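Worksheet: the structure to be examined is printed underneath.
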Amino acid sequence: MKKDFLAAEIEVDVLKEQSMAHHAQSLVLGRTFLFFAAIFAAAAGYDQHSLLLYSLAIALAALFLCLLQLHSRLRRQQLLLQGHMAVLKDYTARFDGSWRHFPDDGTAFLREDTPQASDLSLFGPDSFYQYLSAARTQAGRQRLADALQPAPPDFAELHARQQAAAEFMERSRLAFDLQGIARLLPEGHDVRPLLAEIAQETTTPTPVFLWIIRLLPLLTLGSLLAAALDFLSWLPGALLVLLQLTLTLPLVTRHNAALKPLQHFSRELAVYAQLLARLEELDFHSPRLRALAERLQAGGGASLALQKLARISDFAEMRYNFFFFLLANALLLWDFHCRALFQRWQARTAGALPDWLAVWSECELLMSLAVVGQTRENCCFPELLTESAPRLQARDLQHLLLDEAQGVPNDIEVRSETRIITGSNMSGKTTFLRTLASSVVLAWAGAPVCAAQFGLTRLHVFTSIRVTDDITKGLSTFYAELLRIKSMVEFAKKKTPMLICIDEIFKGTNSADRIIGARAAIERLTGPQNITLVSTHDFELCDLLSPNDTPVTNYHFAETYDAEGHIRFDFRLQPGRCQTTNAKYLLRLAGILDE
Numbered sequence: 069m070k071k072d073f074l075a076a077e078i079e080v081d082v083l084k085e086q087s088m089a090h091h092a093q094s095l096v097l098g099r100t101f102l103f104f105a106a107i108f109a110a111a112a113g114y115d116q117h118s119l120l121l122y123s124l125a126i127a128l129a130a131l132f133l134c135l136l137q138l139h140s141r142l143r144r145q146q147l148l149l150q151g152h153m154a155v156l157k158d159y160t161a162r163f164d165g166s167w168r169h170f171p172d173d174g175t176a177f178l179r180e181d182t183p184q185a186s187d188l189s190l191f192g193p194d195s196f197y198q199y200l201s202a203a204r205t206q207a208g209r210q211r212l213a214d215a216l217q218p219a220p221p222d223f224a225e226l227h228a229r230q231q232a233a234a235e236f237m238e239r240s241r242l243a244f245d246l247q248g249i250a251r252l253l254p255e256g257h258d259v260r261p262l263l264a265e266i267a268q269e270t271t272t273p274t275p276v277f278l279w280i281i282r283l284l285p286l287l288t289l290g291s292l293l294a295a296a297l298d299f300l301s302w303l304p305g306a307l308l309v310l311l312q313l314t315l316t317l318p319l320v321t322r323h324n325a326a327l328k329p330l331q332h333f334s335r336e337l338a339v340y341a342q343l344l345a346r347l348e349e350l351d352f353h354s355p356r357l358r359a360l361a362e363r364l365q366a367g368g369g370a371s372l373a374l375q376k377l378a379r380i381s382d383f384a385e386m387r388y389n390f391f392f393f394l395l396a397n398a399l400l401l402w403d404f405h406c407r408a409l410f411q412r413w414q415a416r417t418a419g420a421l422p423d424w425l426a427v428w429s430e431c432e433l434l435m436s437l438a439v440v441g442q443t444r445e446n447c448c449f450p451e452l453l454t455e456s457a458p459r460l461q462a463r464d465l466q467h468l469l470l471d472e473a474q475g476v477p478n479d480i481e482v483r484s485e486t487r488i489i490t491g492s493n494m495s496g497k498t499t500f501l502r503t504l505a506s507s508v509v510l511a512w513a514g515a516p517v518c519a520a521q522f523g524l525t526r527l528h529v530f531t532s533i534r535v536t537d538d539i540t541k542g543l544s545t546f547y548a549e550l551l552r553i554k555s556m557v558e559f560a561k562k563k564t565p566m567l568i569c570i571d572e573i574f575k576g577t578n579s580a581d582r583i584i585g586a587r588a589a590i591e592r593l594t595g596p597q598n599i600t601l602v603s604t605h606d607f608e609l610c611d612l613l614s615p616n617d618t619p620v621t622n623y624h625f626a627e628t629y630d631a632e633g634h635i636r637f638d639f640r641l642q643p644g645r646c647q648t649t650n651a652k653y654l655l656r657l658a659g660i661l662d663e
């Protein structure tokens, strides 16, 4: 099982973490010993004027630096491992329901002009977005939000997404590794400020300027070395140091402004370089992922360019240490070199940076779509049917956000048709409508759906399920639902295939007006381009006749009672109208109605 696979991966990571912690402790002890040993050897060499002890001190200091570098490398590996473990725990959270505590729930993507998102829990707490999102960056999250829409995309694009998501499903460890690296980025990292600043126009340093800033430090260092060896007086070296400081100090403000884009992004650039390097080296077989890798490999490789930019950023960050700033500029014209390196990088490479980072955000979308297949046993990629008449078929269909073991699968096969769905309270009418409509949205995103088989033609999804009043706009629940259904009627005039799901039609008004209004609305929405599903408690609607050749049929959910009088639901859609009610039973169960 997929849950067992994740548990085994976490166990491996825990063992690695313990081993790394033990190794880190050994390195800390070793470098501490070497540090003090080098000091004592140097002190003893000074006291005894011993060249051997001086040599020993130098050797111990070199070993200390080696251990320092090894510990730094190990620390980076530990951070990667911690990110990897966090990713695995997020995947296991999708089995026990704790995914509902993920901080990134997509609430910001809710829009008034897409009420389907609220009806189907596409965004917000306990939503499809919250369950699916494997994106660390703002751009990746935006791509996922754009994909979770009720309108069908281009089928060629959709097929490419399906293939790429399927590859990440097959290569789960790769997806986990990439997401683990991305955990080193800040939560919801937004690259737009970085892109905006780096994309600013700049002038490329002239060859003469580059020769000057290279020659002056060489002359300075040569003069100082010659003075130290008594080949020259200290005056030329001192004058050259003074000259370099004189050149640097008046231009500090300009250098700060030119290097500002790198001031806060050195860590992030290194992470992106690592991500893109991993993507460049992989041999993908799906066309979409191959194309993304080729975009990174063009022009010498995105990762190398970003690694170079990350190094420039590290160099620029060092100048904010006051003592390093004075020494490095006095001897090397450090600010000029940093600025020249960055300007040359901007001129040669900055134009490609948005596309490289877009590759990663696209990968985040594809890994998010693959989450369904990595956490559900019952799932499949939808078959995209190209026939013109609307058609939707599913076998063992379940809702993604419900526990897989407890959910009851349903089958459906429907073409141009209006279905009146009746059933008692809590029998499963609303859940079925939401399952069907949300599965279509998942299909349009390019993700697997929770079914053994799922096929559909191009369908625009319209819903009227969670309709509420709006005091600020003076809208009652009834009028808000009227506006929803009006939008469906208007769209139906385009003769474009639709899937329409209406729950408890016109529940916000009295029964007489509700039945009159419901009959009129259903007749307007019954047509050869529509699949219309309407749930209701009004049995009068079961006698509705079709206004055209599109059939109007009845389906229902039922309940039974055991020997002790306890209610039981099977949550399965069945043909025909409902023959039972349970409102009185539930009222008595709640203590509102006497026995």
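Going from the sequence shown to my numbering is simple: count from 1 and add 68.
Think of the CB as a built atom: it goes at the ideal place given N, C-alpha and C, for glycine as much as any other residue.
Please read all numbers here as calculations on a predicted model, not as lab measurements.
Exposed or buried, which one is L655 when buried takes at least 16 other CB atoms within 10 Å?
-> The residue given as residue 655 occupies position 587 in the sequence shown. Confidence is the limiting factor: at L655 the pLDDT is only 48, short of 50, which leaves the residue's position unreliable, though a coordinate-based value still follows. L655 should be labelled exposed.
Does the beta-carbon of H169 have 16 or more other beta-carbons within 10 angstroms, so that it is buried, or is it exposed?
-> As a working note, residue 169 is residue 101 in the sequence shown. Exposed: under 16 other Cβ atoms inside 10 Å.
Where do the ends of the beta strand (DSSP E) carrying I568 lie?
-> Start at 1 with the first residue of the sequence shown, and residue 568 comes out as number 500. Where I568 is concerned, the enclosing beta strand (DSSP E) stretches over 566 to 570.
Which whole runs of the alpha helix (DSSP H) in the region 162 to 215 are 4 residues long or more, in chain order?
-> 183 to 187, 196 to 200, 206 to 215
Contact check, L433 vs G208 under 8 Å by CB: the rounded distance?
-> Position 365 of the sequence shown, counted from the first residue, corresponds to residue 433. Position 140 of the sequence shown, counted from the first residue, corresponds to residue 208. L433 to G208, Cβ: 6 Å. Contact.
Proximal residues to H152 (C-beta, below 7 Å), its chain only, five neighbours per side dropped = Position 84 of the sequence shown, counted from the first residue, corresponds to residue 152. If we look at H152 and ignore the five residues flanking it on each side, its Cβ neighbours are D81, F244, D245, G248.
Just mark G419 as buried or exposed, buried being the case when its beta carbon has 16 or more other beta carbons within 10 Å.
-> Mapped onto the sequence shown, residue 419 falls at position 351. Classification for G419: exposed.
Does the Cβ-Cβ distance between P619 and E485 come in under 8 Å?
-> Translated into the one-based positions of the sequence shown, residue 619 becomes position 551. Translated into the one-based positions of the sequence shown, residue 485 becomes position 417. Going by C-beta atoms, P619 is nearer than 8 Å to E485.
Under the three-state DSSP convention, the category S532 falls into | Here residue 532 refers to the residue found at position 464 of the sequence shown. Three-state DSSP puts S532 in a strand.
Let me know the secondary structure DSSP gives Y629 once reduced to three states.
-> Translated into positions along the sequence shown, residue 629 becomes position 561. Strand at Y629.
Alpha carbon to alpha carbon, how far is F639 from F522?
-> For the purposes of this step, residue 639 is taken as the residue at position 571 of the sequence shown. For the purposes of this step, residue 522 is taken as the residue at position 454 of the sequence shown. Spanning the two alpha carbons is a distance of roughly 19 Å.
Bounding residues of the beta strand (DSSP E) (the contiguous stretch that carries T288) | Locating residue 288 in the sequence shown gives position 220, counting from the first residue. First-last for T288: 275 to 296, but that is the alpha helix (DSSP H), not the beta strand (DSSP E).
Thinking C-alpha only, which one of T182, P183, G192, Q184 is nearest A176?
-> Position 108 of the sequence shown holds residue 176. Among T182, P183, G192, Q184, the Cα nearest to that of A176 belongs to G192.
Using a Cβ-Cβ cut-off of 7 Å (strictly less than) and excluding sequence neighbours within five positions of S195, which residues of its own chain qualify?
-> Position 127 of the sequence shown, counted from the first residue, corresponds to residue 195. So the qualifying residues of the chain are D173, G174, S189.
Kindly give me the distance between the Cβ atoms of E265 and K328, rounded to whole angstroms, as I take these residues to be in contact under 8 Å.
-> Counting from 1 along the sequence shown, the entry for residue 265 is found at position 197. Counting from 1 along the sequence shown, the entry for residue 328 is found at position 260. Yes, E265 and K328 are in contact; Cβ-Cβ is about 7 Å, under 8 Å.
Straight-line Cα distance separating T274 from N324 = On the sequence shown, residue 324 is found 256 positions in, with the first residue counted as 1. On the sequence shown, residue 274 is found 206 positions in, with the first residue counted as 1. Their backbone Cα atoms lie some 20 Å apart in a straight line.
Buried or exposed: which applies to E572, given that a residue is buried once 16 or more other Cβ atoms fall within 10 Å of its Cβ?
-> Sequence index remark: in the sequence shown, residue 572 carries index 504 (1-based). Per the 10 Å Cβ criterion, buried.
Residue span of the alpha helix (DSSP H) that contains T316, given as start and end | Sequence index remark: in the sequence shown, residue 316 carries index 248 (1-based). From DSSP, the alpha helix (DSSP H) with T316 extends over 302 to 316.
Whose CA, out of Q365, A415, E238, lies closest to the CA of E348?
-> Here the question's residue 348 lines up with position 280 in the sequence shown. Taking only the C-alpha atoms, the option nearest E348 is Q365.
For S291, count neighbouring Cβ atoms within 10 angstroms of its own Cβ and tell me buried if that reaches 16, exposed if not.
-> For this step, residue 291 is matched to residue 223 along the sequence shown. Label assigned to S291: buried.
Could you tell me which uninterrupted alpha helix (DSSP H) segments, each at least 4 residues in length, are contained entirely in the region 391 to 457, listed from first to last along the chain?
-> 402 to 417, 421 to 443
Endpoints, the beta strand (DSSP E) within which V517 is located = Translated into positions along the sequence shown, residue 517 becomes position 449. No beta strand (DSSP E) contains V517, which DSSP labels as neither H nor E.
Give a yes or no on contact between the region 407 to 416 and the region 487 to 503, applying the rule of three or more CB pairs nearer than 8 Å.
-> no
So does E485 have its beta carbon nearer than 7 Å to some heavy atom of the ligand ATP?
-> Ligands in the displayed structure: none, and consequently the ligand ATP is not present.
Quick one: residues in its chain with C-beta nearer than 7 Å to the C-beta of P355, no 5 flanking neighbours on either side, listed in chain order?
-> Taking the sequence shown and counting its residues from 1, the one referred to as residue 355 is at position 287. Excluding residues within five positions, the ones whose Cβ falls inside 7 Å are A228, Q231.
Just grab the DSSP bridge partners of A462 for me.
-> Start at 1 with the first residue of the sequence shown, and residue 462 comes out as number 394. A462 pairs with I480, F522.
Answer with buried or exposed for C646, where buried requires no fewer than 16 other C-beta atoms within 10 angstroms of its C-beta.
-> Residue mapping note: residue 646 aligns to position 578 of the sequence shown, counting from 1. Flag for C646 reads buried.
Going straight from the alpha carbon of R211 to that of S201, what length do you get?
-> Translated into the one-based positions of the sequence shown, residue 211 becomes position 143. Translated into the one-based positions of the sequence shown, residue 201 becomes position 133. If I take the Cα positions, the gap works out to 10 Å.
Should the region 305 to 318 be called in touch with the region 383 to 398, which here means at least 3 C-beta pairs below 8 Å?
-> yes
Tell me the DSSP bridge mates of P643?
-> Counting from one through the sequence shown, the residue named residue 643 turns up at place 575. According to DSSP, which records beta bridges pairwise, P643 is partnered with Y623.
L102 and L135: beta carbons closer than 8 Å?
-> If you number the sequence shown from 1, residue 102 lands on position 34. If you number the sequence shown from 1, residue 135 lands on position 67. Yes; because the gap between Cβ atoms is below 8 Å, this pair is in contact.
Going straight from the alpha carbon of A306 to that of S334, what length do you get?
-> Translated into positions along the sequence shown, residue 306 becomes position 238. Translated into positions along the sequence shown, residue 334 becomes position 266. Looking at the two C-alpha atoms, the distance is approximately 34 Å.
For K652, is the classification buried or exposed, using 16 other Cβ atoms within 10 angstroms of its Cβ as the cut-off for buried?
-> Translated into positions along the sequence shown, residue 652 becomes position 584. With a pLDDT of only 49 at K652, under the threshold of 50, the placement of this residue in the model should not be trusted, and no figure is reported.
If you follow the alpha helix (DSSP H) that L601 is part of, which residue opens it and which one closes it?
-> Along the sequence shown, one-based indexing puts residue 601 at 533. Segment 598 to 603 is the beta strand (DSSP E) holding L601; no alpha helix (DSSP H) there.
Mind reading off the beta-carbon distance from V535 to L524? Whole number of angstroms is fine, and I expect it under 8 Å.
-> Within the sequence shown, residue 535 is the residue found at index 467, counting from 1. Within the sequence shown, residue 524 is the residue found at index 456, counting from 1. Between L524 and V535 the Cβ distance is about 25 Å, and since that is not below 8 Å, they are no contact.
What are the boundary residues of the beta strand (DSSP E) that includes E485?
-> Taking the first residue of the sequence shown as position 1, residue 485 is located at position 417. Where E485 is concerned, the enclosing beta strand (DSSP E) stretches over 485 to 491.
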